[in-house]
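Each residue of the sequence shown is one higher than the one before, counting from 1250 in my numbering.
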Amino acid sequence: MHPQVLRELVDEVVKLLSIIFEKAWQSGEVPTDWKRGNITLIFKKGKKEDSGNYRPVSLTFVPGKIMEQILLETMLKHMENKEVTGDSQHGFTKGKSCLTNLVAFYDGLTALVDKGRVTDVIYLALFNIFVGDTDSGIECTLSKFTDDTKLCSVATRWREGMPSRGTLTGWRGGPV
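What follows is the structure in structure tokens.
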């Protein structure tokens, strides 16, 4: 569904989408089409002949993006209310980013060095905690922070069978 269609038919579509969202929330089942995406290459800059100057972008179904945003906001609100994350959390925290994380890290490191303290650094990227190899890995991680079984169920189902397909001008591949 094109975003313009949603804008023009918002009064008619909003009630239907809210019913679908509520049904997905109650059942833990997410419409398969909402998880599909077409991966296309977007030119960044430089020579168009150089494949390194393109970045892959997944074009997904707009209602699916809306549902994904609702799910994300629900998880973040829950984590904030339960004080699951500390001040050192940056990546997906409002007002913080990977850059602010690196600046805070650098400030702390230089403060230790300035004091003459011997310092070892181990910097871990914990991305796979939430997008592990198995769907049950996601559910297990979320269940450590919440007793909301619907949140765990919807988040887990969101990842199940999430196919994408490549697209180039005049060509569309199968699921990858």
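Glycine residues also receive a C-beta, built at the ideal position from the N, C-alpha and C atoms.
Just checking L1361 against the ligand NAD - is the residue's beta carbon closer than 7 Å to any of the ligand's heavy atoms?
As far as ligands go, the structure on display features none, and thus does not contain the ligand NAD.
Going by DSSP in three states, G1344 sits in which element: helix, strand or coil?
Within the sequence shown, the letter at position 95 stands for residue 1344. In the structure shown, the three-state DSSP call for G1344 is coil.
For S1402 and G1277, which I take to be in contact (beta-carbon distance under 8 Å), what is that distance rounded to the nearest angstrom?
For the purposes of this step, residue 1402 is identified with residue 153 of the sequence shown, where counting begins at 1. For the purposes of this step, residue 1277 is identified with residue 28 of the sequence shown, where counting begins at 1. About 3 Å; that satisfies the 8 Å criterion.
Whole angstroms are fine: how far does the CA of G1365 sit from the CA of F1270?
The count along the sequence shown starts at 1 and reaches residue 1270 at position 21. The count along the sequence shown starts at 1 and reaches residue 1365 at position 116. Distance between the alpha carbons of F1270 and G1365 is about 56 Å.
Same chain, Cβ closer than 6 Å to L1325, neighbours up to 5 away in sequence not counted
Translated into positions along the sequence shown, residue 1325 becomes position 76. If we look at L1325 and ignore the five residues flanking it on each side, it has no Cβ neighbours.
Whole angstroms is fine: what's the gap from C1347's alpha carbon to Q1338's?
One-based indexing of the sequence shown puts residue 1347 at position 98. One-based indexing of the sequence shown puts residue 1338 at position 89. One C-alpha to the other measures close to 10 Å.
Compute the Euclidean distance between the alpha carbons of W1274 and E1317, then round it to the nearest angstrom.
Along the sequence shown, read from residue 1 onward, the residue named residue 1274 stands at position 25. Along the sequence shown, read from residue 1 onward, the residue named residue 1317 stands at position 68. If you take the alpha carbons of W1274 and E1317, they lie about 12 Å apart.
Report back the beta-carbon spacing between L1308 and G1286 to the nearest angstrom; my notes put them in contact at under 8 Å.
Taking the first residue of the sequence shown as 1, we reach residue 1308 at position 59. Taking the first residue of the sequence shown as 1, we reach residue 1286 at position 37. Contact flag correct, Cβ pair sits at about 6 Å.
Nearest to F1292 by CA position, among V1306, P1280, N1330 and V1279, is which residue?
As a working mapping, residue 1292 is identified with position 43 in the sequence shown. Nearest of V1306, P1280, N1330 and V1279 to F1292, Cα basis: V1306.
Can you tell me the Cα-Cα spacing of H1327 and T1342, whole angstroms?
Working through the sequence shown from its first residue, we reach residue 1327 at position 78. Working through the sequence shown from its first residue, we reach residue 1342 at position 93. Cα to Cα, H1327 sits roughly 13 Å from T1342.
Span of the alpha helix (DSSP H) holding N1302?
Taking the sequence shown and counting its residues from 1, the one referred to as residue 1302 is at position 53. Run containing N1302: none; DSSP gives neither H nor E here.
Have a look at V1370 and D1356 and give me their C-alpha separation to the nearest angstrom.
One-based indexing of the sequence shown puts residue 1370 at position 121. One-based indexing of the sequence shown puts residue 1356 at position 107. So the alpha carbons of these two residues sit roughly 13 Å apart.
For I1291, which residues does DSSP report across the bridge?
The sequence position of residue 1291 within the sequence shown is 42, counting from 1. Beta-bridge pairing links I1291 to R1304.
I'd like the span of the alpha helix (DSSP H) that includes L1255, first residue to last.
For the purposes of this step, residue 1255 is identified with residue 6 of the sequence shown, where counting begins at 1. Its alpha helix (DSSP H) spans residues P1252 to E1257.
Same chain only: Cβ atoms within 7 Å of V1262, ignoring 5 sequence neighbours per side:
Numbered from its first residue, the sequence shown carries residue 1262 at position 13. If we look at V1262 and ignore the five residues flanking it on each side, its Cβ neighbours are L1255.
What number of angstroms, rounded off, separates the C-alpha of D1282 from the C-alpha of I1315?
Numbered from 1 along the sequence shown, position 33 holds the residue referred to as residue 1282. Numbered from 1 along the sequence shown, position 66 holds the residue referred to as residue 1315. Whole-angstrom Cα-Cα distance: 13 Å.
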